[in-house]
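Student: My questions will all concern the structure given below.
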Amino acid sequence: MNLNQSYRWRGLDLATSEHCHVIANGRDTRIRGAIVGPDFGLFYRIKLDENFNTRTLKIERADGAALELFCDGAGGWSDDRAEPISGLRGCVDIDIWPTPMTNSLPIWRLDWQDGQAQKFAMVWIDATTMTVRREEQLYTRLDPTHFRYQSANFEAELALDADGVVLDYPGLFARD
Numbered sequence: 007m008n009l010n011q012s013y014r015w016r017g018l019d020l021a022t023s024e025h026c027h028v029i030a031n032g033r034d035t036r037i038r039g040a041i042v043g044p045d046f047g048l049f050y051r052i053k054l055d056e057n058f059n060t061r062t063l064k065i066e067r068a069d070g071a072a073l074e075l076f077c078d079g080a081g082g083w084s085d086d087r088a089e090p091i092s093g094l095r096g097c098v099d100i101d102i103w104p105t106p107m108t109n110s111l112p113i114w115r116l117d118w119q120d121g122q123a124q125k126f127a128m129v130w131i132d133a134t135t136m137t138v139r140r141e142e143q144l145y146t147r148l149d150p151t152h153f154r155y156q157s158a159n160f161e162a163e164l165a166l167d168a169d170g171v172v173l174d175y176p177g178l179f180a181r182d
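For reference, each letter of the sequence shown is one residue, going 7 to 182 in my numbering.
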């Protein structure tokens, strides 16, 4: 995938606005985004390797709180002090709340067929509180531009563009 594109979403349940830019060149993919909400603002950076495995993540909130995580590409995670995070072992992808951009990461990594379901162990990050946890998620390709997303207590049908980036996340986000 070769991509040099900006995206904008508006939050439907929260009064949020997001602008992000993706640069994919075949060697790596870099994503930079900014989100402004009713009581927070944040900037995030994600670097993926050539196989779309997450390698680095940095989130900085406007109030000064920051989170930086590193992955070896095979599910071994460490923090900004190079301390291993054993609870995230085996997670390759990340899911940052509140952005639909990170829903593309597991979709980009696989060669999907219609009806195919795939379970992922995700590093789930609430950027509004800077909490991190492991979360199991299930993605099912319905057709080339629609995926069903499921987690423990949530389900949605995501509409995607031809590059696998969310256009519509019902009730949560819509692309401008």
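Beta carbons: idealized from backbone N, C-alpha and C, even for Gly.
Just so it is clear, the structure is predicted and the values come from calculations on it, not from any experiment.
Which residue from Glu-89, Gly-39, Ser-84 and Arg-87 puts its Cα closest to that of Ile-65?
Tutor: The candidate whose alpha carbon is nearest that of Ile-65 is Gly-39.
Student: For the putative contact between Trp-114 and Gly-170, defined by C-beta atoms under 8 Å, what is the C-beta separation to the nearest angstrom?
Tutor: The Cβ separation is near 6 Å, so the contact holds.
Student: What residues in its chain sit with their C-beta under 7 Å from that of Asp-149, if we drop five residues either side in the sequence?
Tutor: Cβ neighbours of Asp-149 beyond the five flanking positions: Asp-120.
Student: Using the rule of at least 16 other Cβ atoms within 10 Å of the residue's Cβ for burial, across every protein chain shown, is Ala-133 buried or exposed?
Tutor: By the neighbour-count rule (16 or more Cβ atoms within 10 Å), Ala-133 is buried.
Student: Going by DSSP in three states, Met-128 sits in which element: helix, strand or coil?
Tutor: In this structure, Met-128 counts as strand in the three-state DSSP scheme.
Student: Helix, strand or coil: how does DSSP classify Trp-83 here?
Tutor: Residue state, collapsed to three classes: strand.
Student: How long is the line joining the alpha carbons of Thr-137 and Tyr-145, rounded to whole angstroms?
Tutor: Spanning the two alpha carbons is a distance of roughly 23 Å.
Student: If I measure Cβ to Cβ from Phe-153 and keep anything under 7 Å in the same chain, skipping five residues before and after, which residues do I get?
Tutor: Counting only Cβ-Cβ distances below 7 Å, and skipping sequence neighbours, we find Ile-113, Tyr-145, Thr-146, Arg-147, Leu-164 and Leu-166.
Student: Determine, using beta carbons only, whether Gly-47 and Pro-104 come nearer to each other than 8 Å.
Tutor: Going by C-beta atoms, Gly-47 is not nearer than 8 Å to Pro-104.
Student: By the 10 Å Cβ neighbour count, where 16 or more other Cβ atoms means buried, how is Ala-203 classified, buried or exposed?
Tutor: Missing from the structure shown is residue 203; the chain here goes from 7 to 182 and no further.
Student: Could you tell me the distance, in whole angstroms, from the CA atom of Leu-116 to the CA atom of Thr-35?
Tutor: So the two alpha carbons sit approximately 15 Å from each other.
Student: Locate the beta strand (DSSP E) running through Ser-157, then write down its first and last residues.
Tutor: Counting along the chain, the beta strand (DSSP E) containing Ser-157 begins and ends at 152-157.
Student: Check the C-beta distance from Phe-179 over to Trp-15 and give it rounded, since I have them as a contact under 8 Å.
Tutor: With a Cβ gap of about 5 Å, Phe-179 and Trp-15 count as contacting.
Student: If you drop the 5 nearest sequence neighbours on each side, which residues of the same chain put their C-beta closer than 6 Å to that of Phe-49?
Tutor: Counting only Cβ-Cβ distances below 6 Å, and skipping sequence neighbours, we find Ala-40 and Glu-66.
Student: According to DSSP, simplified to helix, strand and coil, what is Trp-3?
Tutor: In this structure the chain extends from 7 to 182, so residue 3 is not present and cannot be described.
Student: What residue range is occupied by the uninterrupted beta strand (DSSP E) comprising Ile-29?
Tutor: That run of the beta strand (DSSP E) goes 23-31.
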